[in-house]
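One structure is given here, and the rest of the page talks about it.
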Amino acid sequence: MTVSELYKSCCDALSENGIGNAENEARFIIQKALRCDQTAFLLNKGAVAEPFVVDRAVNMVHRRIRREPLQYVLGEWDFFGYTFKVGEGVLAPRPETEELCSLVIDRIDKCKAGLTVFDLCSGTGCIGISLKKTLPLLDVYLVEYSDEALGYLNENRISLGVARSVPAIKGDVLKGYEAFGFLPRPDIIVSNPPYISTFELPLLQTEVKKEPVVALDGGEDGLVFYRALAEKWLPYLNEGGFIAVECGDEQADDVAAMFSEYSGDISIIKDFNGIDRFVIAGKEKYDI
Ligand code: GLN
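Under this note's numbering, the first residue of the sequence shown is numbered 677, with each subsequent residue one higher.
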C-alpha cells in the first residue's frame, strides 16, 4: 500500500464515520504515523507505507472515530509555532488562544525587561510558555491546579527548553493572589480559565466531553474564575500592568463589567470569527 492509498482509506474511514474535515485530519494522522511534516508527506505520497506505519495510522483513525479529540490522538499540537504535548487530562490548546497570546505581545512594552507575567489556569502551559519563548526577557510563572495537567505542563517546560526559567506552581486560582504571596506582584496576568457553566457541560460536543471537567467547568454561571480574577487578582497588578483573558460566547460583557469595578481601561476584542472573545483590563490607580 502506498502512502497515498493509506491517506485515501483513512480519509474515507473518517468521513464515513461522520468526522468533518476528514481530509485535513487524515493528513495529520498520516504525518504523525510517518513522523514527518507536510512537505515530506507531499513528496512521498507514492512511497510504500510500511506495515508499522499502516498500523499506527489505523490505530489513530479508530481512536478518532471513537471521538477522541484529534489533539489527543496525535499526542501533541502546534500552538503559536511551538509543539505542545497534550492528551487525556488536559485541555487541548485552541486557535483562539493563540490570538490571546498575540494580543498580550502587542500590548507589552517590549523595552521593559523583567516584566512579571502570570499564566493562571495554565493547562499545557501553551500561553505562558509561548510568551516566554517569544519574549525571553519576561519573567513568566505558570499556575495550575490539576496534577494531570501539571504532568503535561512539566513535559512541555522540558521539551520547549524553559524548565529552569519558567516555574510551574500548583495552586488554586480561585483563592486569589494572597494565597500566592510568595510570588512577586504581577505586571501582566493572562488566563484562559474554565468558562462553561455547569449546566451546559452535558450539552458539549462528544469530543469536548472527553476533555477534563476541571478545565471546562466555570461554575453555575460559567463566570466563577473571572469573578476571582477581578476581585482577587486584578487589584494586585502592578500599576501600568494589565490582565488579558479569553472568555466564552456571550460572556465578554459580564467579564468586562466585573473588571470595570477595578479598572477604568477595559477593551473587548473579537476573535477571528467575529465573536467577542477577549477582555483586557489595564491597572491604573487602584491599589491595595
Ligand atoms: N490555558 C490553557 C489553554 O488555554 C488551559 C486552559 C484551561 O484549562 N481552561 O489551553
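Beta carbons are placed, not taken as given, at the ideal position from N, Cα and C, and that holds for glycine.
| field | For review: beta carbons within less than 6 Å of any heavy atom in the ligand GLN | value | Working through the chain, the matches are L767, P769, T773, C797, S798, G799, T800, C802, I803, N868, P869, P870, A891.
| message | Measuring straight from C-alpha to C-alpha, what distance separates D731 and A709? | response | Going by the C-alpha atoms only, they are around 8 Å apart.
| Per DSSP, the bridge partner or partners of W753 | F760.
| Cβ contact (3+ pairs, closer than 8 Å) linking the stretch 734-744 and the stretch 838-847 | By the C-beta criterion, the stretch 734-744 is judged not to be in contact with the stretch 838-847, since fewer than 3 inter-stretch pairs fall below 8 Å.
| request: Quick one: which unbroken beta strand (DSSP E) runs of 3-plus residues sit fully inside the stretch 759-821? Chain order, please. | output: Counting whole runs of 3 or more residues, the stretch 759-821 contains the beta strand (DSSP E) stretches 792-796, 815-820.
| Separation of Q714 from M736, as counted between CA atoms | So the two alpha carbons sit approximately 18 Å from each other.
| So, is K959 buried or exposed, given that buried needs 16 or more other C-beta atoms within 10 angstroms? | Burial call: buried.
| task | Express the C-alpha separation of K684 and L618 in angstroms, rounding to a whole number. | result | What the structure shows of the chain is the stretch from 677 to 964, and residue 618 is not part of that stretch, so it cannot be assessed.
| Residue burial classification, E701 (beta-carbon count within 10 angstroms, cutoff 16) | E701 is classed as buried because its beta carbon has at least 16 other beta carbons within 10 Å across all chains shown.
| Start and end residues, beta strand (DSSP E) containing G958 | First-last of the beta strand (DSSP E) with G958: 952-958.
| task | Jot down the residue ranges of each uninterrupted beta strand (DSSP E) in the stretch 867-897, minimum 3 residues, whole runs only, in chain order. | result | Runs of the beta strand (DSSP E) inside the stretch 867-897: none found.
| request: Could you have a look at I942 and say whether DSSP puts it in helix, strand or coil? | output: Strand.
| message | Give me the DSSP bridge partner(s) of I845. | response | The secondary-structure analysis by DSSP pairs I845 across a beta bridge with V819.
| I864 bridges to which residues according to DSSP? | Looking at the DSSP assignment, I864 forms a beta bridge with V793, F918.
| message | Going by DSSP, what residue range makes up the alpha helix (DSSP H) through A709? | response | Here the alpha helix (DSSP H) through A709 covers 698-710.
| Start and end residues, alpha helix (DSSP H) containing I741 | Secondary structure note for I741: its alpha helix (DSSP H) is the uninterrupted segment 727-741.
| Separation of E824 from P870, as counted between CA atoms | Note on geometry: alpha-carbon atoms of P870 and E824 lie some 16 Å from one another.
| Do you know whose CA, among S806, V734, G799, A789, lies nearest D688's CA? | Among S806, V734, G799, A789, the Cα nearest to that of D688 belongs to V734.
| For E838, does the three-state DSSP call read helix, strand or coil? | A small correction: the amino acid at residue 838 is Val; Glu does not occupy that position in the sequence shown. Three-state result, V838: coil.
| message | My assumption, with CB atoms under 8 Å, is that F935 sits in contact with A904. Please give the rounded CB distance. | response | Going by Cβ atoms, the distance from F935 to A904 rounds to 12 Å, so no, they are not a contact pair.
| request: Would you kindly work out how many angstroms separate the C-alpha atoms of L1003 and T882, rounded to a whole number? | output: Limits of the chain in this structure are 677 at one end and 964 at the other, which puts residue 1003 out of reach.
| message | With a threshold of 8 Å, are at least 3 pairs of Cβ atoms found where one atom belongs to the stretch 886-906 and the other to the stretch 858-876? | response | Segments in contact, yes.
| said: Would G804 and V793 be called neighbours here (beta carbons separated by less than 8 Å)? | reply: In contact: G804 and V793 (Cβ atoms closer than 8 Å).
| message | Pop quiz: E772 and E922 are said to be a contact at Cβ under 8 Å. What is the actual Cβ separation, rounded to whole angstroms? | response | E922 and E772 do touch by the CB rule: their CB atoms are close to 6 Å apart, below 8 Å.
| Identity of the residue in E907, K808, E831 nearest K657 by Cα | Nothing can be reported for residue 657: it is not among the residues displayed for the chain, which extend from 677 to 964.
| Using the C-alpha atoms, what's the distance from G917 back to P862? | Rounded to whole angstroms, the separation of the alpha carbons of G917 and P862 is 8 Å.
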